[in-house]
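Notes for the one structure printed next.
In my numbering, the protein residues as written are 787 to 1085.
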């Protein structure tokens, strides 16, 4: 979820029970302040005699009613929900089993909205993404999968795993994260029979400036409070009139950053867009992790 403010709490101890007890003590002593109304996630993992328990609280922008179990009902699945707070330009992107993309019509009345997902390609995994503008351009508000029929692989997950494997095999030890992401994007395009994107210095300059702006200003999105939209930022970098797109990710590694992007239908659609010919990639470190920015254009 790229639109959200995260509130992580980590407790480490020698056993799951001890880690949970530590976390519970923190919450009972006032650590729970500010968690009201947030979505909570809890996970624990143990290795080498140490157990970590992590609680993450997330500000939500949409709330979904109970999701359909599958797409096997006649007419597919009806998804219902409501927006929370100010959400503009609500839209939905559905990725089909063949990695094609569709945009179902969203019916909205006040905060309530509905849309229908149909199994247009038959059995397989359909990845559904809800997008909205929270003030900094389109953001991912929710992402989930629905399955039609029995069997069928998750094509996007397999594509991401393959790109990571092939890229890691090609890169020298200690290669830059930006080079890794650039190479992985072209591995994905090659797997789908698309031409490779060429590197372009002005696009890279635009990507780097935006990554630093997000790090220094503390926002995350495509529209900068100070530098404006991608079109304005490209013009400032000396690129005018080009059909362009931008993808963003925050992660602790290039492999996770890539996977986040590939598993997002709206981002993958830009990575594999047939019209793009050039790309610039930038990565900067921040308190939240590495910020990955890729700007692609037809030039």
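Ideal placement from N, C-alpha and C gives every residue a C-beta, glycine not left out.
- Task: Identify which residue in 890, 992, 1063, 839 has its Cα closest to the Cα of residue 984.
- Result: For the options 890, 992, 1063, 839, the alpha carbon positioned closest to that of residue 984 is the one of 1063.
- Query: Three or more C-beta pairs closer than 8 Å, one from the stretch 970 to 986 and one from the stretch 1002 to 1018: is that the case here?
  - Reply: With the cut-off at 8 Å, the stretch 970 to 986 and the stretch 1002 to 1018 do not touch.
- Task: Quick one: grab the DSSP three-state call for residue 1057.
- Result: In the structure shown, residue 1057 sits in a helix (DSSP, three-state: H, G or I).
- Using the Cα positions of residue 1067 and residue 803, report the straight-line distance between them to the nearest angstrom. Looking at the two C-alpha atoms, the distance is approximately 43 Å.
- Identify the residues that DSSP records as bridge partners of residue 783: which are they? One cannot answer for residue 783 here, as it falls past the ends of the chain, which runs 787 to 1085.
- Report the option in 1050, 1045, 1032, 1039 whose CA atom is closest to the CA atom of residue 1065. Ranking the options by Cα distance to residue 1065, first place goes to 1032.
- Task: Please report the residue range of the beta strand (DSSP E) in which residue 1034 lies.
- Result: Element bounds for residue 1034: 1029 to 1037.
- Exposed or buried, what is residue 789 when buried is set at 16 or more other beta-carbons lying within 10 Å of its beta-carbon? Caution applies to residue 789, whose pLDDT of 37 falls short of 50 and renders its modelled position unreliable; the value that the coordinates give is listed next. By the C-beta density criterion, residue 789 is buried, having at least 16 other C-beta atoms within 10 angstroms.
- Within the stretch 938 to 1004, note down every full alpha helix (DSSP H) run reaching 4 residues or more, in order along the chain. You should have 941 to 956, 963 to 977, 987 to 1003.
- Task: Kindly identify the DSSP beta-bridge partner or partners of residue 916.
- Result: Beta-bridge pairing links residue 916 to 878, 928.
- contact_flag[the stretch 861 to 873, the stretch 1019 to 1037] where n(CB pairs < 8 Å) is 3 or more: Touching, no.
- Query: Around the Cβ of residue 883, are there at least 16 other Cβ atoms within 10 angstroms (buried) or fewer (exposed)?
  - Reply: Buried: at least 16 other Cβ atoms inside 10 Å.
- Residues near residue 1036 in its chain [Cβ-Cβ closer than 6 Å; skip 5 each side]: If the five residues before and after residue 1036 are omitted, its C-beta is found closer than 6 Å to the C-beta atoms of 1074, 1075, 1077, all from its own chain and listed in chain order.
- Along the chain, where does the beta strand (DSSP E) that runs through residue 1080 open and close? Note, residue 1080: beta strand (DSSP E), 1075 to 1084.
- Item | C-alpha distance - residue 996 paired with residue 853, whole-angstrom precision | Between residue 996 and residue 853, the C-alpha separation is close to 36 Å.
- Message: Please classify residue 1002 as buried or exposed, where buried requires at least 16 other C-beta atoms within 10 Å of its C-beta.
- Response: Note on residue 1002: under 16 other CB atoms within 10 angstroms of its CB, so exposed under the neighbour-count rule.
- Between which two residues does the beta strand (DSSP E) carrying residue 895 extend? Where residue 895 is concerned, the enclosing beta strand (DSSP E) stretches over 893 to 895.
- Message: For the pair the stretch 917 to 924 and the stretch 940 to 948, tell me if three or more CB-CB distances fall below 8 Å.
- Response: Result no; under three Cβ-Cβ pairs closer than 8 Å.
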